[in-house]
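K.L.:
Have a look at the structure that comes next, please.
Protein chains: 2
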Amino acid sequence: MNGADSLCDTLLANDVRVCFANPGTSEMHFVAALDRKPEMRCILGLSEGVVTGAADGYARMTDRPAATLLHTGPGLANGLANLHNARRARIPMINIVGDHASYHLSLDAPLTSDIESLAAPMSKWVHRIRSAEDIAGATEAAYRAAMSPPGVVTLILPADAAWGDVSAEPPERLSHPALAAVNMDTVREVAHAIRDTPGEVGILLAGRAARADCLEVAGAIAAAHDVRLLGEMQLARMERGGGRVSATRIPYAIDSALELLADIDVLVLAGAPEPVAFFAYPGKPGRLVRKGCKVLTLASHGEDLKGALEALRDELGVRPHQPLSRPTPSGDSIVPFGHLTEDAIAVMVASALPDNAIICDEGVTSARRLFELSSGSAPHDYLMNTGGSIGCGIPLATGAAIACPDRKVINLQADGSGMYTVQGLWTQARENLDVVTVIFANRAYAVLHGEMRRVGANGIGENARRMMDLDHPAWDWVSVAKGMGVDAAGAYSCEQFADLFQSALRRRGPFLIEAVI
Amino acid sequence: MNGADSLCDTLLANDVRVCFANPGTSEMHFVAALDRKPEMRCILGLSEGVVTGAADGYARMTDRPAATLLHTGPGLANGLANLHNARRARIPMINIVGDHASYHLSLDAPLTSDIESLAAPMSKWVHRIRSAEDIAGATEAAYRAAMSPPGVVTLILPADAAWGDVSAEPPERLSHPALAAVNMDTVREVAHAIRDTPGEVGILLAGRAARADCLEVAGAIAAAHDVRLLGEMQLARMERGGGRVSATRIPYAIDSALELLADIDVLVLAGAPEPVAFFAYPGKPGRLVRKGCKVLTLASHGEDLKGALEALRDELGVRPHQPLSRPTPSGDSIVPFGHLTEDAIAVMVASALPDNAIICDEGVTSARRLFELSSGSAPHDYLMNTGGSIGCGIPLATGAAIACPDRKVINLQADGSGMYTVQGLWTQARENLDVVTVIFANRAYAVLHGEMRRVGANGIGENARRMMDLDHPAWDWVSVAKGMGVDAAGAYSCEQFADLFQSALRRRGPFLIEAVI
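Taken in order, these protein sequences are the chains called A and B. Mind the numbering: the first sequence is residues 1 to 517 in my numbering, read in order. Mind the numbering: the second sequence is residues 518 to 1034 in my numbering, read in order.
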């Protein structure tokens, strides 16, 4: 067997069974090896932004890494923006980046570039394989690095290592290191703060702590001690709806975020870093908590978040089963009609959400009310753009649908962001993924119009307008989607949208609705 | 005025008048400044691969840098693949990458990343602006670095530098440093080798040396001394056709390249590095010249290539005006008919080429005969993918059309590569650019099928097939192009193609032909 076989076998032994890929010549031996392993599911993305974004969506829904296969520095480069989002989502991923044969590098052939320098900003761990014999050990190290704590790792595979012979033992499944015991000193410090702070306490829940079981524990603490539960501004994944305990998401808009946190005296972090402003604005603070707010870390990403929350609950003497406040569907449900608006779409999506849907929200300005409106919807997962690098929605939905073939994936997609990685629709068509894409076709980078006002620009002239508006010509999303194999239709009124959305939910396979707002 | 104004003014003072852009929030003050300078032409790309690829095409045709406006690390990351090609094309470009306000970086907000690490592999020069007062000097330094020798430079613009006040003097136009005098010792050494080598001599011409005037000088030398003129495997730009002196391009396929150079005893480099194999293959050499071949550098990129060629001609005593062998259109022109093939398309394009067309060839496997067939066509420029990072064709054509509004741009485009940056069609529509895009719709990464055979893989299974074939579903390019505002039609026979191509040449504005082969 060759090095490429050894790499595949090591991934498979550790249950890495999906490879999102866009290979090139330097990866041909790896492709040949994958071809010998039908148990590896290889999924082509028509640009690497689709590849890495899909691997992110897959990992968010499975807590497992997918492999990606990327072609040299430029292939990696195309995937970096969604790797940036994946890094901020703190999910596991193993990038395999093919490179020239090691002896070819000194010739500086056209495709040569400094892959390490490109990979480092978006990877917690980068390693260049030295030889075929190094591959099994390097792949195991990559897997370990990707899993504890979860993060993006990048393994550079020179062609000569891939095609070199190895006499490797069949790889064994690596044992997972047990999570470190909960730090009881920290738990007692947090409990003390919750019990003895005269003012407001908030718990910011992220990662594993934003799943239903952890929210249940946090909800019990919140009910007993009048604590507020908060979610991150950019949610990697939150389980909610269906009577689950809910948390208030920190809003994106700086003034709203500051207002939400203004009266918090103690902020407890469970899996999240301290919240900060997405951007700096002249005269506004960067930290979102007020001056003097005490910030305590109960447990960090990769630690035993559930154990820490349970220990905190017990330390506080909260009984697990006392009744909790849970959001419920609004009784007097409004049925929007007539002119289609962003908020009308949010109302209709929230009310029609099927059980166990996965929402991928890259609605940017257009979906801003959806999170709030869907707290009482059927049970679902809520995924967002975590790093602010636009173009994650379509790939994320693609990966989530691969991960969860029995669940409906609903991608609420801003048009400007969707244009970045529209090629992902083709992968949805090829794999017949059960994804409904709703394009908010406002034909502008609407967020920039808002930001332009916020920086105090008076009026918008020709140059600015031509960098922020997406009209002249407007994309015909129906035509683009159909061209990539995804059936699609346009909605111009609430009634049309409701009909299309209902019928899209009833069918299986990808469908796109261009909601013209 | 603020720092952003100072940056714009410095660019404009140095005649940088086109800005390809995809801005974000951290660039809003820069956008507002651009809005105050109507003399700067701002052109939106719907992803940064379009932005940087278009800036490359613009520079190849004008020898002048465009500015690009990119949003933080991820925005830069999306543009890196085409920056890689631009770096290999050795063209000038000034990237302006917006970043958070400097005091916001330590908070590690979601969009924060190590921009320097991302930029370095594709930039000859990277600088982070320290303050508003630093901007004018930094922009001048960026311009100088981009121009001598020409290359890609990256200027990082923190938001607080952009919005900070400056009391800058109105910027002055920088003087261009004169090219260093031709090194006559080198000229004499090369002349000696040409005169006294009993075997074959080749001159490899690239960059400025691949323009018509330099080719004319090289042609005189070649005619007088039986020297072979060669062009690079991946041409940044060559002026040819219309009776101009032609050069033989080094082929991509390793065996053909080795064969072409096998009997060259002395290779003279004029603006090109020594040619090497695009990829390494087991058992094949990486250097393309034979062992023992003497490689001499007459002049390098950024040096006085024309002066060096003229000095060489004079040193050799070649009279400028002796008659040269020039390619002419084939007398018995073949008119292909019936079933549409790659080579039939090449024949039809070569024979119908209008005067002064600009060919952007990202045909990969499909256009491989076009270069040879078009040597006798009407005068034209020939541009190729220089770095092997696919997805340059549509953006390159976009930028070339901005640079040369009075010339027809013809983009011969492989389908798999075109899918990477298909969003560029929208920019062509918005700017009403005179570009004819010919998609070679073979519905495969055909180059990978060839490479798979070359690495000795026996047969192709399901996993490999699904990573190399683009069928199931096939893109409907006509639908995709129309959805982005570009009129389009499909050609299934030679007759249909000839009709569509002729009518596309007669009209102005973008048009796409999906050539189904």
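All C-beta atoms in this analysis are idealised placements derived from N, C-alpha and C, irrespective of residue type, glycine included.
Tell me whether the region 111-128 of chain A and the region 83-102 of chain A touch, counting them as touching only if at least three CB pairs, one residue from each stretch, are closer than 8 Å.
P.N.:
The region 111-128 of chain A is in contact with the region 83-102 of chain A.
K.L.:
Starting from the Cα of B/Ile611, find the closest Cα among B/Asp573, B/Leu624, B/Ser634, B/Pro638 and give me that residue.
P.N.:
Taking the second sequence and counting its residues from 1, one reaches residue 611 of chain B at position 94. Residue B/Asp573 is the option with its Cα nearest to B/Ile611.
K.L.:
Short check: CB of B/Asn928 to CB of B/Cys1011, under 7 Å?
P.N.:
Within the second sequence, numbered from 1, the residue matching residue 928 of chain B stands at position 411. Within the second sequence, numbered from 1, the residue matching residue 1011 of chain B stands at position 494. Not a contact, by the Cβ cut-off of 7 Å.
K.L.:
Under 7 Å between C-beta atoms, does A/Asn519 make it to chain B?
P.N.:
What is shown of chain A runs 1 to 517, which leaves residue 519 of chain A out entirely.
K.L.:
Let me know the secondary structure DSSP gives A/Pro150 once reduced to three states.
P.N.:
Position 150 of the first sequence holds residue 150 of chain A. A/Pro150: strand per DSSP, three-state reduction.
K.L.:
Output yes or no for whether 7 Å exceeds the beta carbon distance between A/Leu324 and A/Val245.
P.N.:
Mapped onto the first sequence, residue 324 of chain A falls at position 324. Mapped onto the first sequence, residue 245 of chain A falls at position 245. A contact, by the Cβ cut-off of 7 Å.
K.L.:
What would DSSP say about B/Lys811, mapped onto helix, strand or coil?
P.N.:
Stepping through the second sequence from its first residue, residue 811 of chain B is reached at position 294. The answer is strand: DSSP assigns B/Lys811 an E or B state.
K.L.:
By Cβ distance below 6 Å, which residues in the same chain neighbour A/Thr365 in space, the five residues on each side in sequence not counted?
P.N.:
Position 365 of the first sequence, counting from 1, holds the residue named residue 365 of chain A. Correct list, in chain order: Ala446, Val447.
K.L.:
Give me the chain B residues within the contact set of A/Gly387, using Cβ-Cβ distance strictly less than 8 Å, ordered along the chain.
P.N.:
Within the first sequence, the letter at position 387 stands for residue 387 of chain A. Ordered by position in chain B, the residues that pass the 8 Å Cβ test against A/Gly387 are Pro591, Pro627, Leu628.
K.L.:
Using only CA atoms, which one of B/Pro540, B/Val535, B/Pro675, B/Leu815 lies nearest to A/Arg465?
P.N.:
Sequence index remark: in the first sequence, residue 465 of chain A carries index 465 (1-based). Nearest of B/Pro540, B/Val535, B/Pro675, B/Leu815 to A/Arg465, Cα basis: B/Pro540.
K.L.:
With a cut-off of 8 Å, do at least 3 Cβ pairs link the region 138-148 of chain A to the region 814-833 of chain B?
P.N.:
No contact exists between the region 138-148 of chain A and the region 814-833 of chain B.
K.L.:
Give the DSSP-derived three-state secondary structure of A/Arg211 in the structure shown.
P.N.:
Within the first sequence, the letter at position 211 stands for residue 211 of chain A. Coil, per DSSP.
K.L.:
Would you identify the three-state DSSP class for A/Leu157, choosing helix, strand or coil?
P.N.:
Stepping through the first sequence from its first residue, residue 157 of chain A is reached at position 157. A/Leu157: strand per DSSP, three-state reduction.
K.L.:
Hey, would you say A/Pro177 sits closer than 7 Å to A/Thr10, going by beta carbons?
P.N.:
One-based indexing of the first sequence puts residue 177 of chain A at position 177. One-based indexing of the first sequence puts residue 10 of chain A at position 10. Going by C-beta atoms, A/Pro177 is not nearer than 7 Å to A/Thr10.
K.L.:
Strictly below 8 Å CB to CB, what residues from chain B border A/Pro38?
P.N.:
Here residue 38 of chain A is taken as the residue at index 38 of the first sequence, counted from 1. Simply Gly978, Glu979, Asn980.
K.L.:
Roughly how many whole angstroms lie between the Cα atoms of B/Ala603 and B/Tyr937?
P.N.:
Sequence index remark: in the second sequence, residue 603 of chain B carries index 86 (1-based). Sequence index remark: in the second sequence, residue 937 of chain B carries index 420 (1-based). One C-alpha to the other measures close to 16 Å.
K.L.:
Closer than 7 Å, CB to CB, is A/Met467 near chain B or not?
P.N.:
For the purposes of this step, residue 467 of chain A is taken as residue 467 along the first sequence, with counting starting at 1. At least one chain B Cβ lies under 7 Å of A/Met467.
K.L.:
Can you tell me where the beta strand (DSSP E) holding B/Thr954 begins and where it ends?
P.N.:
Counting from 1 along the second sequence, the entry for residue 954 of chain B is found at position 437. Element bounds for B/Thr954: 952-958.
K.L.:
Give, in chain order, every unbroken run of the beta strand (DSSP E) that is at least 3 residues long and sits entirely within the region 68-106 of chain A.
P.N.:
Segments of the beta strand (DSSP E) lying fully in the region 68-106 of chain A: 93-99.
K.L.:
Have a look at A/Gly302 and A/Leu80 and give me their C-alpha separation to the nearest angstrom.
P.N.:
Within the first sequence, numbered from 1, the residue matching residue 302 of chain A stands at position 302. Within the first sequence, numbered from 1, the residue matching residue 80 of chain A stands at position 80. So the alpha carbons of these two residues sit roughly 23 Å apart.
K.L.:
Less than 7 Å between the beta carbons of A/Met40 and A/Leu46, yes or no?
P.N.:
Numbered from 1 along the first sequence, position 40 holds the residue referred to as residue 40 of chain A. Numbered from 1 along the first sequence, position 46 holds the residue referred to as residue 46 of chain A. It is not a contact, given that the beta carbons lie outside the stated cut-off.
K.L.:
For A/Asp165, which residues does DSSP report across the bridge?
P.N.:
On the first sequence, position 165 is the one that residue 165 of chain A refers to. A/Asn2.
K.L.:
What does the alpha-carbon distance come out to for the pair B/Gly951 and B/Leu913?
P.N.:
Mapped onto the second sequence, residue 951 of chain B falls at position 434. Mapped onto the second sequence, residue 913 of chain B falls at position 396. Correcting the residue type first, residue 951 of chain B is Asp in the shown sequence and not Gly. Approximately 13 Å between the Cα atoms of the pair.
K.L.:
Let me check you understand the geometry: is the CB of A/His84 closer than 6 Å to at least one non-hydrogen atom of the ligand GTP?
P.N.:
Of ligands this structure carries none, so the ligand GTP is not represented either.
K.L.:
Grouping DSSP H, G and I as helix and E and B as strand, with all else coil, what is A/Asp487?
P.N.:
Numbered from 1 along the first sequence, position 487 holds the residue referred to as residue 487 of chain A. Here A/Asp487 sits in strand by DSSP.
K.L.:
Alpha carbon to alpha carbon, how far is B/Glu565 from A/Trp477? Give it in angstroms, no decimals.
P.N.:
Here residue 477 of chain A corresponds to residue number 477 of the first sequence, with the count starting at 1. Here residue 565 of chain B corresponds to residue number 48 of the second sequence, with the count starting at 1. Computed Cα separation, rounded: 20 Å.
K.L.:
Terminal residues of the continuous beta strand (DSSP E) containing A/Phe528?
P.N.:
Chain A is shown only over 1 to 517; residue 528 of chain A falls outside these bounds and no answer can be derived.
K.L.:
With DSSP as the reference, please indicate the residues paired to B/Met755 in a beta bridge.
P.N.:
By one-based count along the second sequence, residue 755 of chain B stands at place 238. Bridge partners of B/Met755: B/Tyr899.
K.L.:
Please list, in chain order, the chain B residues whose beta carbon lies closer than 8 Å to that of A/Ala81.
P.N.:
Residue mapping note: residue 81 of chain A aligns to position 81 of the first sequence, counting from 1. Simply Pro591, Gly592, Ala594, Asn595.
K.L.:
When DSSP builds the beta bridges, which residues end up paired with A/Ala414?
P.N.:
Here residue 414 of chain A corresponds to residue number 414 of the first sequence, with the count starting at 1. Its beta-bridge partners are A/Phe440.
K.L.:
Show which residues of chain B have a CB atom less than 9 Å away from the CB atom of A/Gln234.
P.N.:
Working through the first sequence from its first residue, we reach residue 234 of chain A at position 234. Going along chain B in sequence order, the residues near A/Gln234 (Cβ under 9 Å) are Pro627.
K.L.:
Could you please give the first and the last residue of the uninterrupted beta strand (DSSP E) stretch that includes A/Leu230?
P.N.:
Here residue 230 of chain A corresponds to residue number 230 of the first sequence, with the count starting at 1. Counting along the chain, the beta strand (DSSP E) containing A/Leu230 begins and ends at 227-231.
K.L.:
Would you say A/Gln423 faces chain B, with C-beta separation under 7 Å as the test?
P.N.:
Looking up residue 423 of chain A in the first sequence gives position 423. Yes, A/Gln423 counts as interfacial toward chain B.
K.L.:
What residue range is occupied by the uninterrupted alpha helix (DSSP H) comprising A/Val51?
P.N.:
Within the first sequence, residue 51 of chain A is the residue found at index 51, counting from 1. First-last of the alpha helix (DSSP H) with A/Val51: 48-62.
K.L.:
Since A/Leu229 and A/Leu383 should fall inside the 8 Å C-beta cutoff, what is the C-beta to C-beta distance between them, to a whole number of angstroms?
P.N.:
Counting from one through the first sequence, the residue named residue 229 of chain A turns up at place 229. Counting from one through the first sequence, the residue named residue 383 of chain A turns up at place 383. About 19 Å separates the two Cβ atoms, so there is no contact after all.
K.L.:
How many whole angstroms separate the CB atoms of A/Phe440 and A/Gly363, which I take to be in contact at a CB cut-off of 8 Å?
P.N.:
Here the question's residue 440 of chain A lines up with position 440 in the first sequence. Here the question's residue 363 of chain A lines up with position 363 in the first sequence. Sure, about 6 Å apart at Cβ, within 8 Å.
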